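Enquirer: First the structure, then my questions, so here it is.
There are 2 protein chains.
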Amino acid sequence: MTELNITLQDQGHLYEQIYEYIRNEIRKGKLLCGERLPSTRSLAEFLTVSRTTVEMAYDQLLSEGYIEARPHRGYFICETGELFSLEEEKSGEKTGQAAVSEPAMKEKKEIQIDFSPRTIDMSAFPYATWKKINRGILVDGKNSMLSAGEPQGDLGLRETIARYLQLSRGVRCQADQIVIGAGNDYLLMLLEQILGKRTAAMEQVTYTRAADIFRRFGYELKVTGMDESGMLVSELEKTGADLAYVMPSHQYPTGTVMPIARRMELLQWASEQENRYLIEDDYDSEFRYRGKPIPSLQASDHQGKVIYIGTFSKSIAPAIRVSYMVLPESLLEIYHTGCSCFSSTVSRINQEIINEFIRDGYFERYLNKMRRIYRMKHDLMLKELGILLDRFEISGADAGLHLLLSCKKKGTEEELRRLASECNVRIYPLTEYRIDDGMNHRIPERLQKPTVILGYASLTEAQITEGCARLAQAW
Amino acid sequence: MTELNITLQDQGHLYEQIYEYIRNEIRKGKLLCGERLPSTRSLAEFLTVSRTTVEMAYDQLLSEGYIEARPHRGYFICETGELFSLEEEKSGEKTGQAAVSEPAMKEKKEIQIDFSPRTIDMSAFPYATWKKINRGILVDGKNSMLSAGEPQGDLGLRETIARYLQLSRGVRCQADQIVIGAGNDYLLMLLEQILGKRTAAMEQVTYTRAADIFRRFGYELKVTGMDESGMLVSELEKTGADLAYVMPSHQYPTGTVMPIARRMELLQWASEQENRYLIEDDYDSEFRYRGKPIPSLQASDHQGKVIYIGTFSKSIAPAIRVSYMVLPESLLEIYHTGCSCFSSTVSRINQEIINEFIRDGYFERYLNKMRRIYRMKHDLMLKELGILLDRFEISGADAGLHLLLSCKKKGTEEELRRLASECNVRIYPLTEYRIDDGMNHRIPERLQKPTVILGYASLTEAQITEGCARLAQAW
Numbered sequence: 001m002t003e004l005n006i007t008l009q010d011q012g013h014l015y016e017q018i019y020e021y022i023r024n025e026i027r028k029g030k031l032l033c034g035e036r037l038p039s040t041r042s043l044a045e046f047l048t049v050s051r052t053t054v055e056m057a058y059d060q061l062l063s064e065g066y067i068e069a070r071p072h073r074g075y076f077i078c079e080t081g082e083l084f085s086l087e088e089e090k091s092g093e094k095t096g097q098a099a100v101s102e103p104a105m106k107e108k109k110e111i112q113i114d115f116s117p118r119t120i121d122m123s124a125f126p127y128a129t130w131k132k133i134n135r136g137i138l139v140d141g142k143n144s145m146l147s148a149g150e151p152q153g154d155l156g157l158r159e160t161i162a163r164y165l166q167l168s169r170g171v172r173c174q175a176d177q178i179v180i181g182a183g184n185d186y187l188l189m190l191l192e193q194i195l196g197k198r199t200a201a202m203e204q205v206t207y208t209r210a211a212d213i214f215r216r217f218g219y220e221l222k223v224t225g226m227d228e229s230g231m232l233v234s235e236l237e238k239t240g241a242d243l244a245y246v247m248p249s250h251q252y253p254t255g256t257v258m259p260i261a262r263r264m265e266l267l268q269w270a271s272e273q274e275n276r277y278l279i280e281d282d283y284d285s286e287f288r289y290r291g292k293p294i295p296s297l298q299a300s301d302h303q304g305k306v307i308y309i310g311t312f313s314k315s316i317a318p319a320i321r322v323s324y325m326v327l328p329e330s331l332l333e334i335y336h337t338g339c340s341c342f343s344s345t346v347s348r349i350n351q352e353i354i355n356e357f358i359r360d361g362y363f364e365r366y367l368n369k370m371r372r373i374y375r376m377k378h379d380l381m382l383k384e385l386g387i388l389l390d391r392f393e394i395s396g397a398d399a400g401l402h403l404l405l406s407c408k409k410k411g412t413e414e415e416l417r418r419l420a421s422e423c424n425v426r427i428y429p430l431t432e433y434r435i436d437d438g439m440n441h442r443i444p445e446r447l448q449k450p451t452v453i454l455g456y457a458s459l460t461e462a463q464i465t466e467g468c469a470r471l472a473q474a475w
Numbered sequence: 476m477t478e479l480n481i482t483l484q485d486q487g488h489l490y491e492q493i494y495e496y497i498r499n500e501i502r503k504g505k506l507l508c509g510e511r512l513p514s515t516r517s518l519a520e521f522l523t524v525s526r527t528t529v530e531m532a533y534d535q536l537l538s539e540g541y542i543e544a545r546p547h548r549g550y551f552i553c554e555t556g557e558l559f560s561l562e563e564e565k566s567g568e569k570t571g572q573a574a575v576s577e578p579a580m581k582e583k584k585e586i587q588i589d590f591s592p593r594t595i596d597m598s599a600f601p602y603a604t605w606k607k608i609n610r611g612i613l614v615d616g617k618n619s620m621l622s623a624g625e626p627q628g629d630l631g632l633r634e635t636i637a638r639y640l641q642l643s644r645g646v647r648c649q650a651d652q653i654v655i656g657a658g659n660d661y662l663l664m665l666l667e668q669i670l671g672k673r674t675a676a677m678e679q680v681t682y683t684r685a686a687d688i689f690r691r692f693g694y695e696l697k698v699t700g701m702d703e704s705g706m707l708v709s710e711l712e713k714t715g716a717d718l719a720y721v722m723p724s725h726q727y728p729t730g731t732v733m734p735i736a737r738r739m740e741l742l743q744w745a746s747e748q749e750n751r752y753l754i755e756d757d758y759d760s761e762f763r764y765r766g767k768p769i770p771s772l773q774a775s776d777h778q779g780k781v782i783y784i785g786t787f788s789k790s791i792a793p794a795i796r797v798s799y800m801v802l803p804e805s806l807l808e809i810y811h812t813g814c815s816c817f818s819s820t821v822s823r824i825n826q827e828i829i830n831e832f833i834r835d836g837y838f839e840r841y842l843n844k845m846r847r848i849y850r851m852k853h854d855l856m857l858k859e860l861g862i863l864l865d866r867f868e869i870s871g872a873d874a875g876l877h878l879l880l881s882c883k884k885k886g887t888e889e890e891l892r893r894l895a896s897e898c899n900v901r902i903y904p905l906t907e908y909r910i911d912d913g914m915n916h917r918i919p920e921r922l923q924k925p926t927v928i929l930g931y932a933s934l935t936e937a938q939i940t941e942g943c944a945r946l947a948q949a950w
C-alpha cells in the first residue's frame with residue numbers, strides 16, 4: 001500500500017486537492033504503475049475528510065485513466081508513461097507563456113461533471129458471476145467454438161429472450177421471430193436488407209443516430225410533429241412514409257410515454273397498407289421508477305405491423321454489443337429466404353454467457369439492483385434540481401437515465417450550455433436531438449423553451465450534488 | 476473413472492462397436508451425466524485395439540453430443556435426458572415396423588465422415604491461455620465495459636492487426652485504415668454503405684455466399700471465366716463491372732494461386748477508372764504448407780484500389796465472429812463521414828482478448844502449431860487418396876484446408892456424391908460453388924471434369940484414413 005503525504009489547504013475544493021496531489025505524484029513518477037492506493041475509507045480517515053470527497057477524487061482519476069479499480073482489491077496506478085511526457089512538454093510551453101492567467105488555469109483543472117445521457121453505471125455489475133459463467137462455458141462449451149452458429153442467433157438464447165420479453169414487456173413472440181445482432185445499428189442494417197428502400201418517418205426531436213442511418217441507407221426521411229402523446233399520426237399520414245420509428249415506452253430524448261389511444265392510432269395507420277411497418281425501439285424500458293411498467297407497443301399489435309428492437313447495452317453493458325429484434329410473421333419468410341446469407345454477428349460464447357445470465361436469474365437480480373440505484377440517483381437529481389425550479393421546469397422524469405430541464409425565462413440553449421461549461425459542467429442542448437427538414441413541426445410546449453438534457457446514470461451521488469450546485473450557480 | 480465392460484465382436488468395425496456400446500450405456504442411463512470416461516490410451520490398452528480406434532469412437536460421441544471433452548481432464552458424459560426419451564420412442568416405432576431390413580439399419584448407424592471444407596480443428600486451441608487472458612481483462616478492464624468503443628474497432632487491436640498484416644501478408648496500412656467487424660458478411664454490408672450500388676464481378680466458381688450477399692444488396696452480378704491464373708481480366712473488362720471480388724492467394728474453392736502477372740492485370744483494370752475497386756478476400760492465407768508464402772494483392776497495390784478483407788474465423792474460431800478490412804485511403808473519408816453512425820459490432824472484451832492473444836505471441840505460436848497439424852492432415856490426405864490416382868486427379872493442394880478431386884473418367888458429380896453417400900461419406904460437388912448467369916464461361920480444364928471438394932480440417936487422422944478408404948471402395 002502506498003503512503004500519501006497530502007497536506008490539504010483551506011482554499012479550493014478538498015477533492016480537487018486530493019485529485020491533483022495524486023495526479024502530480026503519478027506524473028512525477030513518485031507513484032508507479034501497479035502501486036495500490038489507500039482505500040477511500042482509510043484515506044478519508046487519515047485526512048479527516050468525508051469518504052465522498054475521496055471518492056470524487058478517485059472517480060476523476062479513474063475516468064482520466066490515471067488509476068484503475070480492481071474488484072475486491074482496490075485502486076491501482078495505471079501505466080501512464082506516454083501521457084506523462086506529453087503533459088511535461090505542455091507545461092513547458094505554458095511556462096513560456098507568462099500571459100496565462102491563474103484563474104484560467106484553475107478552471108481548466110477543475111473536475112468536469114458530465115451529465116451525459118448515453119453512459120451507464122457499471123459499478124454494481126456482477127463481474128464475479130459473469131466471470132464464473134464465462135469460465136464454465138470455456139471449459140464445457142468447446143463445441144460452441146466450432147461454428148458460426150445460426151444466422152439469427154442460437155436457439156437457446158432466442159428462447160430465453162422470448163420468455164423474458166413476454167414476461168417483462170408483454171411482447172408476444174416465438175423464438176423463431178427473434179434475431180440477435182451486434183447492436184441496434186447492425187439490426188437496422190439487417191432490416192434494410194429485409195425491408196428494402198423505404199420512406200421513413202421520425203419525430204422532430206428523436207434519436208438522431210437512427211435518422212443518420214436511414215439517410216445513409218438512402219431512405220427518404222420524413223419529419224413529423226409531436227405532442228405530449230408522441231408522434232402526430234395526422235402528420236405521419238401526410239408524409240407518405242411506409243415506415244415509422246417510435247419509442248412509445250419512453251421517447252428518447254423527450255421522455256414522453258405514448259398513451260394507448262395514440263398507440264392505437266399508430267397501429268391503425270400501419271394496418272391501412274400492407275407495406276407499412278412500425279419500428280419500436282424499446283431502448284431503456286427496464287428502468288421505470290414510478291407507477292406500473294409501460295407495456296410494449298408490440299403487445300397491442302394484432303396485425304403483425306411492429307418490428308420490436310431491444311438491447312442489452314443499457315441493461316448489461318454497451319461494450320457487449322448485443323441487441324435483438326422481434327420480426328412480425330409477415331417478414332419472417334423474406335428474412336429466412338433472403339437474409340440467411342448474413343451469418344450471426346454475435347460471438348457464440350457471448351450468446352451463451354448472456355443466456356445463462358438471464359436464464360439463471362442473475363439478470364433479473366441485477367436489473368432490480370440497478371433500478372434501485374438509478375432510482376436513488378433520479379430522486380437525488382429531482383431533489384438537487386429543486387433549487388432551480390423557480391426558473392426551470394423538469395420533465396421526462398420517473399423513467400430512464402436522464403431528465404429534461406426547460407428554462408421558463410428568456411435565453412438560449414447555447415447560453416445555458418456555455419454558462420454550464422464555464423463551471424465545468426457538461427450538459428446537452430435539446431437542439432442536438434433535432435432532425436431538420438427545413439420546416440417547423442409542432443413540438444410540445446415545454447420543449448419550445450430552451451431545454452437541456454441531463455443524464456445521471458454514470459455519476460456518483462457526490463458528483464450529482466456538486467453538478468447541480470454548479471448549475472444553480474452558473475444559471 | 477467409469478469402468479466399461481465392452482466385449483468386442485469379430486464382425487463390424489471396432490470403433491463402431493465401442494461407439495455403440497458407450498452410446499447405449501448412456502441411453503440406458505448406466506453411464507450418467509458428469510461421469511468420466513477412460514482415457515483413449517487406457518481404453519485402447521484395455522481392449523487391445525489401436526488408440527486411433529478409440530479416438531474415432533470418442534470423436535463420434537463428441538460430435539453427436541453424448542460426451543464432452545474438458546481440456547486437461549478428459550472425456551465426460553453429457554446431459555442427454557431429453558435425447559434419451561426421444562430415441563426410445565423412435566425405437567418403439569421401429570420395432571413396430573418389422574419391414575426395416577437389417578442392412579439398412581446397419582448403414583444408418585455407420586459413422587458419417589464429413590469432408591466439409593467449412594470446418595476447422597479446434598482440438599489444439601489454447602483454451603487455458605484464452606481463459607487466462609479473459610480473466611485478466613474482466614478483472615482489470617472494467618473501463619472497457621463502459622462504452623461501445625470506436626465504430627471502427629479499438630485502436631489497440633487495429634494497431635496490432637496492422638502490424639500483423641504488414642509482417643505476415645505484406646499489407647501496407649495504418650491502423651486508421653482498418654475496420655474491425657463481426658464477420659465478413661457484416662463487413663460486406665458495411666462496404667455496401669461505403670461503395671453504394673455496384674456492378675460486381677465474380678469468377679464462375681467461387682465463394683457463392685458473397686454472390687448471394689451481392690444479389691441481396693441489389694448489385695448487378697456479373698460472372699467471368701477463369702483459367703489456372705484466376706479471373707480472366709479480358710472478360711472482366713467486358714462485364715462493365717466496377718467491383719471485382721477475388722481471392723488471389725488461394726481461390727475458394729478452386730485453390731488457384733493468382734500469379735503476379737494476372738495480379739498486375741487486375742490492378743491495371745482497377746486503375747483505369749476512379750470508381751473501380753477490388754475486394755481481396757484473404758480468407759485462409761495463414762495455412763500454406765509448401766514454398767514461400769503468397770503475398771497479398773494489396774501489397775502490390777500502389778493506387779489504393781484494393782479493399783483487403785481477412786478473418787479470424789479460420790485462424791482462431793468461427794464462433795468468435797471477428798473479421799477486419801483494410802480500406803484504401805480513397806475510401807476513408809466517406810467511411811469516416813458517412814458511416815460513423817454504425818457503431819462497432821464486436822464486443823470490446825473480445826477485442827481486448829484478441830489483441831492480447833496476438834500481441835503477446837500466442838497467436839503466432841498457435842498458427843505455427845495449426846500449420847503443422849493441418850499439413851500433417853493434408854499430407855495424409857494426399858497419401859490416402861493415392862489409391863484413387865489412376866482414375867482421379869488432385870488439385871488445390873499445398874495450402875488451405877481442402878483439396879479438389881477431379882474424375883478422369885466419365886460420370887457426374889451427382890453420381891460421385893451418391894456413391895460416397897452410400898458409404899456414409901459426405902463430399903461436396905463443385906457444382907455447389909458455381910454461380911450461374913445462364914452462360915458457359917471458361918473454367919480450368921481440370922474443373923470441367925466431374926470434381927468434388929474434400930475438406931479435412933476437422934477430421935482426425937483415423938477419420939481421414941477411413942474416409943479415403945471408403946471413397947476408394949465407393950468409386
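Read top to bottom, the protein sequences are chains A and B.
Take the first sequence: its position 357, counting from 1, is numbered 357 in this note's numbering, and each next residue is one higher.
Take the second sequence: its position 412, counting from 1, is numbered 887 in this note's numbering, and each next residue is one higher.
Heads up, the beta-carbon is just placed ideally off N, CA and C, and yes, glycines get one too.
These figures come from a predicted structure and were not determined experimentally.
In this structure, does DSSP put A:E393 in helix, strand or coil?
Expert: strand
Enquirer: Going straight from the alpha carbon of A:L86 to that of A:E329, what length do you get?
Expert: Confidence is the limiting factor: at A:L86 the pLDDT is only 32, short of 50, which leaves the residue's position unreliable and the question unanswerable from this model.
Enquirer: Below 8 Å on the Cβ atoms is my contact criterion, and I expect B:Y764 with B:H853 to pass it. Report the Cβ-Cβ distance as a whole number of Å.
Expert: 6 Å
Enquirer: Quick check: the Cα distance between B:I862 and B:R945, rounded to an integer number of angstroms?
Expert: 11 Å
Enquirer: Could you check what DSSP says for A:E93 in three-state terms: helix, strand or coil?
Expert: Residue placement at A:E93 cannot be trusted, given a pLDDT of 35 that sits under 50; what the coordinates show is reported in the next sentence. Correct three-state label for A:E93: helix.
Enquirer: Report the start-end ranges of each beta strand (DSSP E) in the stretch 170-225 of chain A that is 3 residues or longer and not cut off at the edges.
Expert: 178-181, 199-203 and 220-224
Enquirer: For A:C341 and B:S822, what's the separation of their Cα atoms in angstroms?
Expert: 22 Å
Enquirer: Assuming contact is defined by CB atoms lying nearer than 8 Å, are A:L187 and A:M325 in contact in what I supplied?
Expert: yes
Enquirer: Please confirm if B:T820 has its CB atom under 8 Å from at least one CB of chain A.
Expert: Chain A, which has a Cβ nearer than 8 Å to the Cβ of B:T820, makes this yes.
Enquirer: My parser needs the alpha helix (DSSP H) runs of 4 or more residues fully inside the stretch 502-540 of chain B; what are they?
Expert: The alpha helix (DSSP H) runs lying completely inside the stretch 502-540 of chain B and spanning 4 residues or more are 515-522 and 526-538, given in chain order.
Enquirer: In this structure, does DSSP put B:P601 in helix, strand or coil?
Expert: DSSP, read as helix, strand or coil, puts B:P601 in coil.
Enquirer: Looking at C-alpha atoms only, which residue of A:E192, A:E68, A:E220 and A:L14 is the closest neighbour of A:L327?
Expert: A:E192
Enquirer: A:G304 and A:S323: beta carbons closer than 8 Å?
Expert: no
Enquirer: What's the gap between the Cα of B:V529 and the Cα of B:N609?
Expert: 33 Å
Enquirer: Looking only at C-alpha atoms, which of B:C648, B:M722, B:L880 and B:V721 sits nearest to B:L807?
Expert: B:C648
Enquirer: Within 10 angstroms of its Cβ, does A:A244 collect 16 or more other Cβ (buried), or is it exposed?
Expert: buried
Enquirer: Taking only beta carbons into account, state which residues of the stretch 339-373 of chain A come closer than 8 Å to chain B, listed in chain order.
Expert: C339, C341, F342, S343, S344, T345, V346, S347, R348, I349 and N350
Enquirer: Could you pull the start and end residues of the beta strand (DSSP E) that A:T431 belongs to?
Expert: Here A:T431 belongs to no beta strand (DSSP E), and DSSP marks it neither H nor E.
Enquirer: From the DSSP output, which residues share a beta bridge with A:V246?
Expert: A:E280
Enquirer: Taking the C-alpha atoms as reference points, what is the distance between B:I829 and A:E203?
Expert: 41 Å
Enquirer: What first and last residue would you give for the beta strand (DSSP E) that runs through A:S323?
Expert: For A:S323, the enclosing beta strand (DSSP E) has its first and last residue at S323 to V326.
Enquirer: Name the residue from A:G149, A:I113, A:I77 and A:T129 whose alpha carbon lies nearest to the alpha carbon of A:E422.
Expert: A:I113
Enquirer: Could you tell me the alpha carbon to alpha carbon distance between B:G930 and B:M722, rounded to whole angstroms?
Expert: Whole-angstrom Cα-Cα distance: 18 Å.
Enquirer: When DSSP labels each residue in this structure, what does B:E625 get in the three-state scheme?
Expert: coil
Enquirer: Return the CA-CA distance between A:M258 and A:H250, expressed in angstroms with no decimal places.
Expert: 8 Å
Enquirer: Alpha carbon to alpha carbon, how far is B:T812 from A:L4?
Expert: 47 Å
Enquirer: Sort B:Y758, B:A603 and B:K606 by Cα distance to B:R644 and report the nearest one.
Expert: Residue B:Y758 is the option with its Cα nearest to B:R644.
Enquirer: Chain A partners of B:R691, CB-CB under 9 Å?
Expert: Q193, G338, C339, C341 and F342
Enquirer: So for B:C553, helix, strand or coil by DSSP?
Expert: coil
Enquirer: Just confirm the distance between the C-beta atoms of B:G886 and B:P925, as a whole number of angstroms; I'd bet it's less than 8 Å.
Expert: 5 Å
Enquirer: Taking its Cβ as the centre, do 16 or more other Cβ atoms sit within 10 Å of B:A574, making it buried, or is it exposed?
Expert: Any reading at B:A574 is ruled out, since the residue's pLDDT is 36, under 50, leaving its predicted position unreliable.
Enquirer: Looking at A:S344 and A:E150, is the spacing between their C-beta atoms short of 8 Å?
Expert: Cβ distance < 8 Å, so A:E150 and A:S344 count as in contact.
Enquirer: Using a Cβ cut-off of 8 Å (strictly closer), state whether B:I688 contacts chain A.
Expert: yes
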